[in-house]
Structures are given as structure tokens and as C-alpha cells.
Amino acid sequence: MLANAMYYHSAEREEKCIIEDLPAEMLVTGRYKVQKWDLGQHDFLQSAPGLGMVVTVKAPNDEVLLSKLYGPDGKFTFTSHSHGEHTICMQSNSTNLIAFASNRLRIHYDIQIGEHPLDYSVVDPKDKVKEVTYSLENLQGELSHIMKEQEYQREREEYYRQKSEDMNSNVLWWAIVQTVILTSVGIWQIKRLKDFLIAKKIV
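Residue numbers (full-length UniProt numbering): 1 to 203.
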């Protein structure tokens with residue numbers, strides 16, 4: 001069954017960001033639809049004509065991959081150049097400065113990661129060749145997506161394993177240093193005590 005994507009509420013000119021952890025060289029497709037609050041009906045309108053959304057995408061190194069103005073119902077795509085957390089921000093271009101109660105927005109939002117075939121609804125049901133072609137494209141896209149995800153997870157696993165080994169090594173060396181310091185302090189205290197007792201002619 002079909003299900004609606006997530007949505008969130010926002011004030012006009014307010015920037016909201018979503019973080020996506022992506023592998024390198026991954027195609028990302030985002031779709032959104034903006035609904036505006038109607039004071040008369042006390043509900044959100046089905047569309048917000050004339051309202052634009054500025055979409056900004058930043059890579060983990062703060063490189064701007066995309067910064068573009070779209071309409072109230074839009075679709076954007078970008079390709080990640082490096083793996084890591086990518087920030088996807090959306091902000092309306094409205095100049096409305098009236099109270100918050102009258103300029104609330106509801107933004108329906110959907111993100112698809114990986115390559116996706118064209119819409120099956122445009123395919124003629126009698127044309128089995130195109131249907132099979134689209135199915136193969138879908139399988140190839142999913143396979144490529146899975147392989148990139150696996151490679152990314154292997155890289156992350158190797159990174160965290162190396163971090164754990166470094167931390168364990170640091171803990172071991174810290175324990176050795178503590179033992180040496182405590183032993184040295186103990187020997188020094190014993191020597192000082194012995195010298196004190198000799199000086200007082202107790203022993």
C-alpha cells in the first residue's frame with residue numbers, strides 16, 4: 001500500500017535541516033510539497049502557490065553540493081562525492097512578516113537513495129519489453145546501491161576497529177605509566193623514610 005512520506009511544520013523563512021549518512025558516489029533524489037496554513041479554514045491548503053523553497057545540500061567537509069530555488073512542489077537530485085553525513089536544508093523564500101500563526105507551513109518530504117527507474121504508470125501494460133526493461137533497471141540500481149552501502153559499512157567498520165585498537169593501546173600504555181609512577185613514588189618514599197630513621201638514629 002502507498003504511504004505518505006514524513007512531514008514537518010515550519011515557519012516561513014525558517015530553515016530546517018535533515019542529516020543523511022551517505023556512501024560516496026550515491027545518487028539522492030528528494031521530493032517535497034509545501035502546504036500553507038489558511039486562517040479562514042483553520043487548516044492547511046493543498047498547495048502553496050507562489051511560495052518557493054531554497055534547497056541547500058552540504059557535504060561533510062561543508063562543500064555546497066546544491067543550492068537552488070524551487071517551487072512549492074519540487075524535486076531535487078544530487079550525487080555525494082564523499083561518504084559521511086550530508087546536510088539537506090530547506091527554507092522558504094517568503095517575505096511575509098506577519099504573525100507565526102498565519103504563516104505556518106507543512107512540508108511533506110521524501111528522500112530516495114540510489115538510482116530508481118521511471119514511473120511504471122507511464123508504461124503501457126501491453127508493452128512487456130519496457131516493463132521488463134524497467135524491472136532490470138530497478139534491480140541494477142538496487143544492486144549498485146547495496147554494493148556501495150556494503151563498501152561504506154566496511155570502511156566504517158575498519159575505521160572504528162582502528163579507533164578501538166588505538167584506544168586499547170592508549171589504555172595499556174596509561175596503565176604501564178601509572179604502574180611505573182606508583183612504583184617510583186613507593187621506592188622514593190621508602191628511601192626517604194629510611195634516610196629519616198638513620199638521621200634520627202632510630203635504626
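Where a beta carbon is used, it is the ideal one built from N, C-alpha and C, also for glycine. Note that the coordinates shown come from a computational prediction; the quantities given were computed from them, not determined experimentally.
- Element boundaries [beta strand (DSSP E), containing Ala11]: Indexing the sequence shown from 1 puts residue 11 at position 11. 6 to 11 is the extent of the beta strand (DSSP E) around Ala11.
- May I have the straight-line CA-CA distance separating Ile202 from Phe196, to the nearest angstrom? Numbered from 1 along the sequence shown, position 202 holds the residue referred to as residue 202. Numbered from 1 along the sequence shown, position 196 holds the residue referred to as residue 196. For Ile202 and Phe196, the distance between alpha carbons rounds to 9 Å.
- What separation, rounded to the nearest whole angstrom, lies between the Cα atoms of residue 233 and Ser92? For the chain, the structure presents residues 1 to 203; residue 233 sits outside this window and is missing.
- Might you give, ordered along the chain, the residues of its own chain that have their beta carbon closer than 6 Å to the beta carbon of Ala3, omitting 5 neighbours on each side? Against the sequence shown, residue 3 aligns to sequence position 3. Here Ala3 scores only 47 on pLDDT, less than 50, and its place in the model should not be relied on; the value that follows carries that caveat. If we look at Ala3 and ignore the five residues flanking it on each side, it has no Cβ neighbours.
- Go ahead and label Cys17 buried or exposed: buried means 16 or more other beta carbons lie within 10 angstroms of its beta carbon, across all protein chains shown. Within the sequence shown, the letter at position 17 stands for residue 17. The residue in question, Cys17, is exposed, as its Cβ has fewer than 16 Cβ neighbours within 10 Å.
- Item | Residue of Gln46, Ile187, Arg31 minimising C-alpha distance to Trp37 | Indexing the sequence shown from 1 puts residue 37 at position 37. Among Gln46, Ile187, Arg31, the Cα nearest to that of Trp37 belongs to Gln46.
- Do the stretch 137 to 157 and the stretch 17 to 36 make contact, defined as three or more Cβ pairs closer than 8 Å? yes
- Task: Helix, strand or coil for His83, going by three-state DSSP, please let me know.
- Result: The count along the sequence shown starts at 1 and reaches residue 83 at position 83. Looking at His83 - three-state DSSP - the assignment turns out to be coil, as it is neither helix nor strand.
- Item | Backbone CA spacing between Glu157 and Asp110 [nearest angstrom] | Your numbering for residue 157 matches position 157 in the sequence shown. Your numbering for residue 110 matches position 110 in the sequence shown. Those two C-alpha atoms are separated by around 28 Å.
- Return the chain-ordered list of same chain residues with a C-beta closer than 8 Å to the C-beta of Ala59, the five sequence neighbours on each side being excluded. If you number the sequence shown from 1, residue 59 lands on position 59. The answer, listed in chain order, is Leu65, Ser80, His81, Ser82, Gly84, His86.
- Query: Near residue 204, which residues of its chain fall below 6 Å by C-beta distance, leaving aside the five closest residues on each side in sequence?
  - Reply: Here the chain has residues from 1 to 203 only, and residue 204 is not among them.
- Item | Cβ pair Gly52, Leu69 closer than 7 Å | For the purposes of this step, residue 52 is taken as residue 52 along the sequence shown, with counting starting at 1. For the purposes of this step, residue 69 is taken as residue 69 along the sequence shown, with counting starting at 1. Cβ distance < 7 Å, so Gly52 and Leu69 count as in contact.
- Measure the C-alpha to C-alpha separation of Gln178 and Leu193 and round it to an integer number of angstroms. In the sequence shown, the residue the question calls residue 178 occupies position 178. In the sequence shown, the residue the question calls residue 193 occupies position 193. Near 22 Å, if we compare the C-alpha coordinates of Leu193 and Gln178.
- Query: For Gly30, is the classification buried or exposed, using 16 other Cβ atoms within 10 angstroms of its Cβ as the cut-off for buried?
  - Reply: The sequence position of residue 30 within the sequence shown is 30, counting from 1. When all chains shown are included, Gly30 counts as buried.
- Message: If distances are taken between C-alpha atoms only, which option among Val54, Lys126, Thr77, Phe78 comes closest to Gly71?
- Response: Taking the sequence shown and counting its residues from 1, the one referred to as residue 71 is at position 71. Nearest of Val54, Lys126, Thr77, Phe78 to Gly71, Cα basis: Val54.
- Three-way DSSP call (helix, strand, coil) for Gln46 in this model: In the sequence shown, the residue the question calls residue 46 occupies position 46. Coil at Gln46, not helix or strand.
- Can you pull the DSSP bridge partners for Trp37? Working through the sequence shown from its first residue, we reach residue 37 at position 37. DSSP output for Trp37 lists Phe44 as bridge partner(s).
- Return the CA-CA distance between Gly114 and Met147, expressed in angstroms with no decimal places. Within the sequence shown, the letter at position 114 stands for residue 114. Within the sequence shown, the letter at position 147 stands for residue 147. Each residue's alpha carbon lies about 11 Å from the other.
- Message: So for Gly52, helix, strand or coil by DSSP?
- Response: Position 52 of the sequence shown, counting from 1, holds the residue named residue 52. In this structure, Gly52 counts as coil in the three-state DSSP scheme.
- How is the beta strand (DSSP E) around Asp110 delimited, first residue to last? By one-based count along the sequence shown, residue 110 stands at place 110. Unbroken beta strand (DSSP E) run through Asp110: 104 to 113.
- Message: Going by DSSP, what residue range makes up the alpha helix (DSSP H) through Lys191?
- Response: Mapped onto the sequence shown, residue 191 falls at position 191. That run of the alpha helix (DSSP H) goes 128 to 199.
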